[in-house]
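Novice:
Number of protein chains: 2
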Amino acid sequence: MTVVDVHTHFYPDAFMDLLRSRTEVPYVRSFPDNPAAGDRLVILPAEDTASTSRGRPIGPEYYDIKEKIKFMDQHRIDISVISLANPWLDFVDPAEASNMARLVNDNMNQLCAESGGRLYAFGTLPLSAPVAEIVQEIKRLATLKYMRGVIMGTSGCGKGLDDPALDDVYEALQTNGQFIFLHPHYGLPSSLYGPYANDYGHVLPLALGFPLETTIAITRMILSKVFDRHKTLSVLIAHSGGTLPFLAGRIASCIAHDAHLKKEGQLVTRKSVFDLLKQNFYLDAVIYDKIGLRAAIDAAGAARIMFGTDHPFFPPLDDEEGQDEWLSVSLNTSAIKEAVGDDENELAAIMGETAIEMLRLDQSKAGD
Amino acid sequence: MTVVDVHTHFYPDAFMDLLRSRTEVPYVRSFPDNPAAGDRLVILPAEDTASTSRGRPIGPEYYDIKEKIKFMDQHRIDISVISLANPWLDFVDPAEASNMARLVNDNMNQLCAESGGRLYAFGTLPLSAPVAEIVQEIKRLATLKYMRGVIMGTSGCGKGLDDPALDDVYEALQTNGQFIFLHPHYGLPSSLYGPYANDYGHVLPLALGFPLETTIAITRMILSKVFDRHKTLSVLIAHSGGTLPFLAGRIASCIAHDAHLKKEGQLVTRKSVFDLLKQNFYLDAVIYDKIGLRAAIDAAGAARIMFGTDHPFFPPLDDEEGQDEWLSVSLNTSAIKEAVGDDENELAAIMGETAIEMLRLDQSKAGD
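Here it is in structure tokens:
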């Protein structure tokens, strides 16, 4: 069985240099007075406090490709489709965004080329740049041998993924056969977590903010009829769709019961939400339990679910030697095995075959 | 098979008088210059615009108990556990809250007493009042024959349901065997829905804002260890738990991977989230599709899921005669039948038996 990890992040040198050069979120912070503390990566405003207990440790697992391969070997992962971790280039000055995107994407493609068929990648778009430049980079990505799509956050060009300004971007992605890997970053306003949130570590923004942000983003895309205008656009939705498989019925019902949408003669029907799950959407299997994964399979079909790890995030807290299988990985592999039961075809599809087919990860052609 | 509806709202006279007396959200608005427009209920700030297309029509289905009984007969519902619709008494002046709670609760209890065993109720707490007064009303509710718990929003006394100030409230509810029916109201900030949200009617706040708000609230309760301190407190969570069944694995994993919680020696373990679903939580079956309902059953067990309608919200858009079965009801009954398959015991449990047992809806003793 070939195992493919479609949700695995990496910061190439070009991006690390950028993060180290910055003093505002997102940035990499060093503690010259306390080298033992190590460097810390601060990617969310809520993490940006004076204490070294905020942010997260960042080591070579984020930026040394040998560590990615080591992790893959340790977890019997044959191929990884690496992507830049959030917040991508959302924050970059518009005048510099296209240049930085080219640097980062070339950097990623080169790492894949040197991997002997172990690595492919999702690229990063210069979303702060003018749309014409974004489209230009999509066309260029299609010429890079190991690029299979783009990772995108939920802000688009700043107004969200239901922004009509993105139509040219979606059209270019569709025309060039590139997936969108839709991934959260911004979470929800911290006010929603209340005055006691600091007692709960990072649990609320990570466990809830991320998937809820994703759910809102994809629902806005549905409601704005992105998929009526770009009928074969494919979106791989992180974290098993946020919460879309669970809420699809409620979303569809709210559409069917909305007087305003009815008056406007909405084209989005109740059926559409479920149809999209089987026609345009793919879901990763990063959900950490069989119950959620079963809902994802029920909603999209086992042939549209793809294994992922979210590496290097969620390392084991106790693994001082770096030898253990990561709990965050074993939770997901166990969930897949428990959800599919005896169905070995479904298991093989989720663990790798679907990714190989849909993302064209043809090993015989790699590395040449 | 006895059918019990545990999620069904009603505004008794005392509360309607309050809503009609107000000019700020929440309130009932009339259009004297355009009587054909009917009265409109505005319960969310986002609905409070000049246009009559905002808010929602409010008619006797909200405040005439005969309409509730008619709806029950039409949908073959034997017993309804009625509750005040949001926003309950959250907005009431602290000095008036306790008095208003007593009026509303007595009003509801009297309607149940006159119903010949068809109606029970969840009461409403004066949450803006001092805690001692809230506890006093809980004790009083326990003496009202048809009250089986309280409906609560997510704000508690203003700081959320993880506020330690609520400990006396939770303890009083537990001691008096009263359920919390946890129900959303506040949704999420409209900024999250972006600049195009008006094109989507009420879909985003209703379909996403409500269940996501609920998920945050119950997770905050879990993380603040409410259920470690009040081990037998029972919570019926609206809309099949918001998204809790789907996200339980992710929440548990984030807890297990959080360095801050580990350092603090957290008592909340990964296992706890799933244990709570089988020990303290009940979920209604208001989810509109078999996929979500299956996840709810998988998470909590069929013996902890209870049928509900959300009446009088989500009326059919085309039912001018008022004769049709409501789509919002049939979606849920179909979802239950499809999710349980041939298991008639599970069907009977979800449709009514669990509610009868857990909420002590003993028909032989009713109406006397």
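As you go down the protein sequences, you meet chains A and B in turn. In this text, residue positions in the first sequence follow the UniProt record's numbering: the first is 1, and each later residue adds one. In this text, residue positions in the second sequence follow the UniProt record's numbering: the first is 1, and each later residue adds one. Quick reminder that beta carbons are idealized off the backbone N, C-alpha and C, glycines included. Small disclaimer: the values here were computed from a predicted structure and weren't measured.
Pull up the distance between the alpha-carbon of Thr52(A) and that of Gly38(A), whole angstroms please.
Specialist: Bear in mind that a pLDDT of 48 at Thr52(A), under 50, signals an unreliable position, so the model cannot answer this.
Novice: Hey, His9(A) and Ser83(A) are a contact pair by Cβ (cut 8 Å); roughly how many whole angstroms apart?
Specialist: 6 Å
Novice: Kindly list, in the order they appear in chain A, the residues whose Cβ is closer than 8 Å to that of His202(B).
Specialist: What His202(B) touches in chain A, judged by beta-carbon distance under 8 Å, is Cys254, Asp258 and His260, going in chain order.
Novice: Mind checking the segment 138-168 of chain B against chain A and listing, in chain order, the residues whose C-beta falls within less than 8 Å of any C-beta there?
Specialist: Lys159, Gly160, Asp162 and Asp163
Novice: Which same chain residues end up closer than 7 Å to Gly367(B) when comparing Cβ atoms and leaving out the 5 residues on each side of it in sequence?
Specialist: Low confidence applies here, because Gly367(B) scores a pLDDT of 46, under 50, leaving its location unreliable and the question unanswered by this model.
Novice: How about Val286(B) and Gly308(B): are their beta carbons less than 7 Å apart?
Specialist: yes
Novice: On the CB-based measure, 16 or more other CB atoms within 10 Å of its CB, does Ser30(A) come out buried or exposed?
Specialist: exposed
Novice: Taking the alpha carbon of Met358(B) as the reference point, which residue from Asp310(B), Glu325(B) and Ile305(B) has its own alpha carbon closest?
Specialist: Ile305(B)
Novice: Smallest Cα separation from Leu188(A): which of Gly177(A), His202(A), Phe179(A) and Asn176(A)?
Specialist: Taking only the C-alpha atoms, the option nearest Leu188(A) is His202(A).
Novice: Between Phe246(A) and chain B, is any beta-carbon pair separated by less than 7 Å?
Specialist: yes
Novice: If you run the structure through DSSP and keep just helix, strand and coil, what is Tyr288(A)?
Specialist: Coil.
Novice: For Glu67(A), which residues from the same chain have a beta carbon less than 7 Å from its beta carbon, with the 5 sequence-adjacent residues on both sides left out?
Specialist: Pro60 and Glu61
Novice: Which chain B residues sit within Cβ distance under 7 Å of Pro195(A)?
Specialist: Lys159
Novice: Below 7 Å CB to CB, which residues in the same chain sit around Ala101(B) once its five sequence neighbours on both sides are set aside?
Specialist: Leu89, Thr124, Leu125, Pro126 and Glu137
Novice: Please compile the residues from chain B whose C-beta is within a distance smaller than 8 Å of the C-beta of Ile291(A).
Specialist: Pro245, Phe246, Ala248, Gly249, Ala295, Asp298 and Ala299
Novice: May I ask you to report which of helix, strand or coil DSSP gives Arg76(B)?
Specialist: coil
Novice: Any chance the segment 214-233 of chain A sits against the segment 292-299 of chain B, with 3 or more Cβ pairs inside 8 Å?
Specialist: no
Novice: Phe179(B) lies in the alpha helix (DSSP H); which residues open and close that run?
Specialist: Run containing Phe179(B): none in the alpha helix (DSSP H); it sits in the beta strand (DSSP E), Phe179 to Leu182.
Novice: If you run the structure through DSSP and keep just helix, strand and coil, what is Tyr193(A)?
Specialist: helix
Novice: Quick one: which residues of the segment 326-339 of chain A get their C-beta closer than 8 Å to a C-beta of chain B? List them in chain order.
Specialist: Here the close residues are Leu327, Ser328, Leu331 and Ala335.
Novice: With respect to the alpha helix (DSSP H) encompassing Phe15(B), which residues constitute its N-terminal and C-terminal limits?
Specialist: Asp13 to Arg20
Novice: Contact check, Val6(A) vs Asp275(A) under 8 Å by CB: the rounded distance?
Specialist: At roughly 23 Å, the Cβ-Cβ gap does not stay under 8 Å, so Val6(A) and Asp275(A) are not in contact.
Novice: Could you compute how far the alpha carbon of Arg20(B) sits from the alpha carbon of Tyr170(B)?
Specialist: 32 Å
Novice: Taking the alpha-carbon of Asp228(A) as reference, which of Asp13(A), Asp167(A) and His183(A) has the nearest alpha-carbon?
Specialist: Asp167(A)
Novice: If you compare alpha carbons, which of Leu327(A), Gly55(A), Phe71(A) and Arg140(A) is closest to residue 424(B)?
Specialist: In the structure displayed, chain B extends from 1 to 368; residue 424(B) sits before or after that span and is not available.
Novice: Any beta-carbon of chain A closer than 7 Å to the one on Ile287(B)?
Specialist: yes
Novice: Report yes or no: is there a C-beta of chain B within less than 7 Å of the C-beta of Phe314(A)?
Specialist: yes
Novice: Using a C-beta cutoff of 7 Å, does Leu206(B) count as contacting chain A?
Specialist: yes
Novice: Using a Cβ cut-off of 7 Å, which residues of the segment 208-235 of chain A contact any Cβ in chain B, in chain order?
Specialist: Leu208, Pro211, Leu212, Thr215, Ile216, Thr219, Arg220, Leu223 and Ser224
Novice: Going along the chain, which residues of its own chain have a beta-carbon closer than 8 Å to the beta-carbon of Ala335(B), five neighbours each way excluded?
Specialist: For Ala335(B), where only same-chain residues beyond five positions count, the Cβ hits under 8 Å are Ala285, Ile287, Tyr288, Asp289, Lys290, Gly292 and Leu293.
Novice: Please list, in chain order, the residues of the segment 169-188 of chain B that have any C-beta partner in chain A closer than 8 Å.
Specialist: Within the segment 169-188 of chain B, the residues whose Cβ lies closer than 8 Å to any Cβ of chain A are, in chain order, Leu188.
Novice: Ordered along the chain, which non-local residues of its own chain (more than five positions away) have a Cβ less than 7 Å from that of Leu361(A)?
Specialist: Val4, Ile79, Tyr120 and Ala355
Novice: I'd like to know if the segment 244-254 of chain A and the segment 136-152 of chain A are in contact, where contact means that at least 3 CB-CB pairs between them fall below 8 Å.
Specialist: no
Novice: Can you find the residues in the same chain that come closer than 7 Å, C-beta to C-beta, to Ile77(B), ignoring five residues on each side of it along the sequence?
Specialist: Val3 and Asp5
Novice: Near Met108(A), which residues of its chain fall below 6 Å by C-beta distance, leaving aside the five closest residues on each side in sequence?
Specialist: Pro12 and Ala121
Novice: Name the two residues that bound the continuous alpha helix (DSSP H) containing Asp228(B).
Specialist: Val226 to Arg229
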